[in-house]
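Participant:
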Amino acid sequence: IYKNSSDYFIELAGALYTNGKDSYKLVRNPYTRAVSSFFSLIAPPHIENPAWNPIRNFYYGNEFCNKPISFKIFLYYLKAQMKDLQQVDPHLMQQYEPAEEEFVTKYIYLENFSTEIAHLEQTYQLKTSPLHILTKSWHHQKERAIFRGDFADADITDPLFPRLPTYDSFYDYETIQLVQDIFNKDFSTYNYPLTPLKNK
2 IYKNSSDYFI
12 ELAGALYTNG
22 KDSYKLVRNP
32 YTRAVSSFFS
42 LIAPPHIENP
52 AWNPIRNFYY
62 GNEFCNKPIS
72 FKIFLYYLKA
82 QMKDLQQVDP
92 HLMQQYEPAE
102 EEFVTKYIYL
112 ENFSTEIAHL
122 EQTYQLKTSP
132 LHILTKSWHH
142 QKERAIFRGD
152 FADADITDPL
162 FPRLPTYDSF
172 YDYETIQLVQ
182 DIFNKDFSTY
192 NYPLTPLKNK
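If you count the sequence shown from 1, you need to add 1 to reach my numbering.
Pasting the structure below:
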């Protein structure tokens, strides 16, 4: 609505540079975010997801092969992309943006989304959001993630890949280290614990 004003972006930039307005950023635990990003690669059985091609090209040197893609391979792919962030979907990479501390005054943690949004609405006298809809969107997969096991090396392209393993089932020592390395600025900037997920 406010964007309809021709001066909106000028006023917004001025407010950000002078810290004249509170600026919020929504952030998520890197462990859950990494698994959620991996879930986004799941395709219906016997359907090829085009997003698999660059991962296979990176890991196997052939984007058209039918070789497996696991959570671990996906993380190695993300780690390699850290050298050229322009070539990867920003939704898959770290949330931290260089120098964001100069503009962001507060963080909203997705893990406490309903509580924090309600607090914002009260603080700024905003209309009540339909949280029952917002928190049930398609990308909230945790309630469906029920299969337990060791899935760090499981092949997501296999039609028999369970729908869906629990988030903690993807973590072994190697994948924990990879996530800590890839998302290190997220952990430190947003004060998320390095402790891996348990029964999530």
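Note that CB positions come from ideal geometry on N, CA and C, so glycine has one too.
So, for S24: in the same chain, excluding its five sequence neighbours on each side, which residues have a beta-carbon less than 7 Å away from its beta-carbon?
Facilitator: The residue given as residue 24 occupies position 23 in the sequence shown. So the list reads L17, F104, V105, T106, once near-sequence residues are dropped.
Participant: Label S170 either buried or exposed according to how many other C-beta atoms from any shown protein chain fall within 10 Å of its C-beta, with 16 as the threshold for buried.
Facilitator: Counting from 1 along the sequence shown, the entry for residue 170 is found at position 169. Counting of Cβ neighbours within 10 angstroms places S170 among the buried residues, the total reaching 16 or more.
Participant: Could you check what DSSP says for Y78 in three-state terms: helix, strand or coil?
Facilitator: Counted from its first residue, the sequence shown places residue 78 at position 77. Note: Y78 maps to helix in three-state DSSP.
Participant: So what does DSSP say about V36, is it helix, strand or coil?
Facilitator: Numbered from 1 along the sequence shown, position 35 holds the residue referred to as residue 36. Note: V36 maps to helix in three-state DSSP.
Participant: Would you say K80 and A153 are within 8 Å of each other, going by their C-beta atoms?
Facilitator: Taking the sequence shown and counting its residues from 1, the one referred to as residue 80 is at position 79. Taking the sequence shown and counting its residues from 1, the one referred to as residue 153 is at position 152. Not a contact, by the Cβ cut-off of 8 Å.
Participant: So is A100 buried or exposed if we call it buried at 16+ other beta carbons inside 10 Å?
Facilitator: By one-based count along the sequence shown, residue 100 stands at place 99. Exposed: under 16 other Cβ atoms inside 10 Å.
Participant: Whole angstroms are fine: how far does the CA of E144 sit from the CA of P131?
Facilitator: Residue numbering aside, residue 131 sits at position 130 when the sequence shown is read from its first letter. Residue numbering aside, residue 144 sits at position 143 when the sequence shown is read from its first letter. Roughly 19 Å separates the two Cα atoms.
Participant: Tell whether a beta-carbon distance below 8 Å holds between I70 and I48.
Facilitator: One-based indexing of the sequence shown puts residue 70 at position 69. One-based indexing of the sequence shown puts residue 48 at position 47. No; because the gap between Cβ atoms is not below 8 Å, this pair is not in contact.
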